[in-house]
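First residue of the sequence shown? That's 1305 in the numbering used here, and the numbers climb one at a time after it. Heads up, the beta-carbon is just placed ideally off N, CA and C, and yes, glycines get one too. Reading through the structure tokens given below for one structure.
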Amino acid sequence: MQVDLRRGVFTISIDTELAWGSIHHPDPETYRDYSQERQVVDSLLKLFEKYQIAATWATVGHLFLNECHLDSGGKHKEVMRPRYPWFDGDWFDADPCTDVSTSPLWYGQDIVQKIQACSVPQEIGSHSFAHFIIGSPQMTPECFESDLSQCRLVASDMGVDLKSFVYPRNSLGHVEVLAKNGFLTYRGRMPGQFENTGTVRRRIMRLADKLAPRGATVVRPEKVCGIWNIPQTYFFSPSTGKSRKLPISFLTYMAGRRINQAVRFKGLFHMWFHPHDITADPERSLQGLENILSRVDKLRAANLIDNLTMGDLGETLSQEN
């Protein structure tokens, strides 16, 4: 059951993973261009400081490390592995077991430190330790607990108390394990809408709702297994896929319609993306993001919307409900 909000809420979550996001591909380092992600992180933090925006950086646990080493038991033997039938070998085969200077796409302690140093306090959340697919049948509760335990260990070494979880590939599962392990929130999928209508009519209704969002389709958080589901509502990727063919002004206009919906009906606008979604065309993507943040900043100044991280929203909801 969704819960009411006092006013609209604007939330950003950023899936921060570097090459771990492609660990299940044959050559993770070259599957996508990750070489510019550190520069993108710098640009994002500058924008967040300019507009006083707090975001949740859902960070793969291995990125908290500056280095790791192969020992007699193998790579990260303390982490239980699910055995996916479609994946040959060990999940950590591509882990170079070196350091950030030698293999910068596999370690990110410097990135975590930059986020921590931002003048606008940011939330650092979890994106699993090694980008496991949690919703797969092969991911047992025991495997997930092992993963979360390692996440907490490496995060605590950097003074980070993990409260929020973002599922890799948005593959949800074992929410009860998150609750058991002290998490307060997770990012759920966009709620299905118009599912009981025919295909053509459903497409028409979805398009109409994008152009003129209604109160009936506003999204709000809900409590699941004792913790808060903060559903995603908007994937920001203006320079990839079909979106790259559309004017950035149109894309930010459409995002603005959803933000207005959240304001009018006291709902949630939860935007998410990866840094590599920005690197495809940094100038275009960052300009689009700045347009959105500027709009939110003005609405916030008018007391029409709150900017909250996933963790802050979860704490607010827990106090009020």
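- A distance below 9 Å separates the beta carbons of asparagine 1474 and glutamine 1536.
- DSSP places methionine 1558 outside any beta strand (DSSP E); the residue lies instead in the alpha helix (DSSP H), whose first and last residues are 1552-1569.
- For isoleucine 1582, the uninterrupted alpha helix (DSSP H) run begins and ends at 1579-1583, by DSSP.
- By the 16-neighbour rule on beta-carbons within 10 angstroms, phenylalanine 1554 is exposed.
- Note on valine 1307: under 16 other CB atoms within 10 angstroms of its CB, so exposed under the neighbour-count rule.
- The C-alpha of glycine 1477 lies about 17 Å from the C-alpha of alanine 1362.
- Counting every other CB atom within 10 Å of its CB across the protein chains shown gives tyrosine 1471 a total of 16 or more, marking it as buried.
- Here the alpha carbons of histidine 1574 and isoleucine 1534 stand approximately 8 Å from one another.
- Within the same chain, Glu1446, Cys1447, Ser1450 come within 7 Å of methionine 1384 by CB-CB distance, once the 5 residues on both sides are set aside.
- When rounded, the separation of the alpha-carbon atoms in aspartate 1581 and arginine 1548 is 11 Å.
- Annotation: the continuous alpha helix (DSSP H) that includes lysine 1350 extends over 1341-1355.
- The shortest C-alpha to C-alpha distance from glutamate 1371 to any of Ile1316, Gly1560, Leu1409 is the one to Leu1409.
- The beta carbon of valine 1345 is closer than 7 Å to those of Ile1415, Lys1418, Pro1579 in its chain, skipping five residues each way along the sequence.
- Under the DSSP assignment, valine 1416 falls in the alpha helix (DSSP H) whose first and last residues are 1413-1421.
- Each of Gly1592, Phe1352, Gly1312, Pro1386 was checked against the Cα of glutamine 1442, and the nearest Cα belongs to Pro1386.
- A residue is called buried when at least 16 other Cβ atoms come within 10 angstroms of its Cβ; glutamine 1343 does not meet this threshold and is exposed.
- For glycine 1530, the closest alpha carbon among the candidates Leu1488, Arg1562, Leu1550 is that of Leu1488.
- In the structure shown, asparagine 1474 falls within a helical segment according to DSSP collapsed to helix, strand and coil.
- Ranked by how close their Cα comes to the Cα of isoleucine 1552, the residues Val1313, Glu1526, Glu1594, Ser1440 have Glu1594 in first place.
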